[in-house]
Each structure stands twice: as C-alpha cells, then as structure tokens.
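>
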Amino acid sequence: MVAGMKRIRGYAAVLVVVVLGLWGGGPAQAVGVGLPPVVVRVPTSEKVVFLTIDDGWTHDAEAARMLVERRVPATLFLLPGATAYDTGYFTDLVGDGRVAVENHTVNHPDLTTLDAAGKDAEVCGAREQLAAVFGKAPRLLRPPYGAVDDEVRLAAKGCGVKALVTWTYDFTTWSQTPPTPGR
614 MVAGMKRIRG YAAVLVVVVL GLWGGGPAQA VGVGLPPVVV RVPTSEKVVF LTIDDGWTHD
674 AEAARMLVER RVPATLFLLP GATAYDTGYF TDLVGDGRVA VENHTVNHPD LTTLDAAGKD
734 AEVCGAREQL AAVFGKAPRL LRPPYGAVDD EVRLAAKGCG VKALVTWTYD FTTWSQTPPT
794 PGR
C-alpha cells in the first residue's frame with residue numbers, strides 16, 4: 614500500500630473519491646435502461662488517479678496516516694465484517710471528512726451466481742450494516758471480482774445503489790512494471 618502511494622506521488626492530483634455525477638456522459642454499460650451505470654473509467658483531461666481500497670481486512674496505520682496527512686480523499690469499498698473488529702480505524706478516517714465508505718457486499722460473493730434473494734441479502738445487507746456503523750448509507754457498489762450483469766444492476770438499484778464501480782488496473786495483479794495508463 615505505501616509503495617503504491619509513493620508511485621503516484623508525481624501526479625499533479627490524486628483523487629480517490631468517485632463523486633456521483635462526475636461521469637455524466639462517460640462510458641457506462643448502456644444495456645438495461647433505468648439501471649445504475651457500470652463505471653469503469655471517468656473521462657477527464659486532468660491528471661487524476663482514482664485509487665480505491667477494497668474489502669477492509671488490512672488496517673494499515675501508516676496508510677491511514679498518509680491519507681490524513683496528505684489530505685488524500687479516499688473511497689473505501691468495505692465488507693461489514695472487515696470493519697467490525699476495528700471500527701475505530703475506519704470511523705477515524707471517515708471523521709476526517711475526506712473518506713467515503715461504499716458497498717462491497719456482505720461476504721464477497723460473485724453476485725452473478727446468486728439468485729435474486731441472495732443478491733438482495735448481499736447488497737442490501739451490506740448497505741444496512743455500513744449505514745448503522747457510519748451513519749450514511751452507501752450509494753456506490755464495487756461488485757466483487759468485477760462480476761456484474763443486468764440482474765446484479767437490478768438488485769443494486771433496489772438497494773439504493775446509484776452506480777456500480779469497477780476498475781481498470783489492479784495493483785495486486787501487476788508484475789514489476791505497472792501498465793501505462795489509458796491502455
């Protein structure tokens with residue numbers, strides 16, 4: 614995590630929070646009219662990196678310190694169970710005002726493999742649990758494994774999700790040299 618933060622230091626700006634409305638007209642899955650969009654890329658001419666943190670199992674004090682000291686906004690797509698054993702770690706970050714907590718489901722399943730009730734239990738269940746801890750219901754969903762279809766989008770909509778956010782690059786799957794942005 615710390616090494617990854619150092620890699621992006623040279624960028625003119627680091628933006629981690631995905632704010633609803635930023636991607637108006639941007640690439641999103643068009644099938645399924647009326648369903649929340651699937652956002653993979655946010656069109657911008659700014660030198661920006663959208664860095665997100667998933668799951669929440671690793672509570673790295675140094676990473677939290679860097680986010681706060683450098684005033685880096687962050688979006689955390691958390692599993693409720695990962696927050697339960699050290700809630701203060703996340704409530705302190707959220708209390709700083711630059712960190713948003715969003716939905717990553719209850720148990721991290723491939724949502725496309727679940728029936729409608731299972732999808733609802735995972736997405737709505739995480740929303741309710743995270744809202745109870747952080748005082749605000751998540752509006753974004755990071756589907757585990759990036760697995761999404763129109764049935765997942767429909768379930769997400771029923772749970773108050775405004776957009777599903779996936780990714781372009783994954784630090785955990787990079788070799789020694791990160792890919793060139795924009796490819």
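Going left to right, the sequence shown walks through residues 614 to 796 as our numbering numbers them. Think of the CB as a built atom: it goes at the ideal place given N, C-alpha and C, for glycine as much as any other residue. Small disclaimer: the values here were computed from a predicted structure and weren't measured.
Which residue or residues does DSSP assign as beta-bridge partners of residue 688?
Translated into positions along the sequence shown, residue 688 becomes position 75. Per DSSP, 665 and 713.
> Rounded to whole angstroms, how far is the Cβ of residue 706 from the Cβ of residue 668, which I believe are closer than 8 Å?
Numbered from 1 along the sequence shown, position 93 holds the residue referred to as residue 706. Numbered from 1 along the sequence shown, position 55 holds the residue referred to as residue 668. 15 Å between Cβ atoms; not a contact.
> Could you give the distance in angstroms between the alpha-carbon of residue 672 and the alpha-carbon of residue 724?
Walking along the sequence shown from the start, residue 672 turns up at place 59. Walking along the sequence shown from the start, residue 724 turns up at place 111. Approximately 26 Å between the Cα atoms of the pair.
> What's the gap between the Cα of residue 781 and the Cα of residue 651?
As a working mapping, residue 781 is identified with position 168 in the sequence shown. As a working mapping, residue 651 is identified with position 38 in the sequence shown. Spanning the two alpha carbons is a distance of roughly 12 Å.
> If you draw a straight line from the alpha carbon of residue 762 to that of residue 690, how long is it in whole angstroms?
What you label residue 762 is simply residue 149 of the sequence shown in a count that begins at 1. What you label residue 690 is simply residue 77 of the sequence shown in a count that begins at 1. Going by the C-alpha atoms only, they are around 19 Å apart.
> Which residue wins for smallest C-alpha separation from residue 679, given the options 711, 759, 695 and 748?
Within the sequence shown, the letter at position 66 stands for residue 679. Taking only the C-alpha atoms, the option nearest residue 679 is 711.
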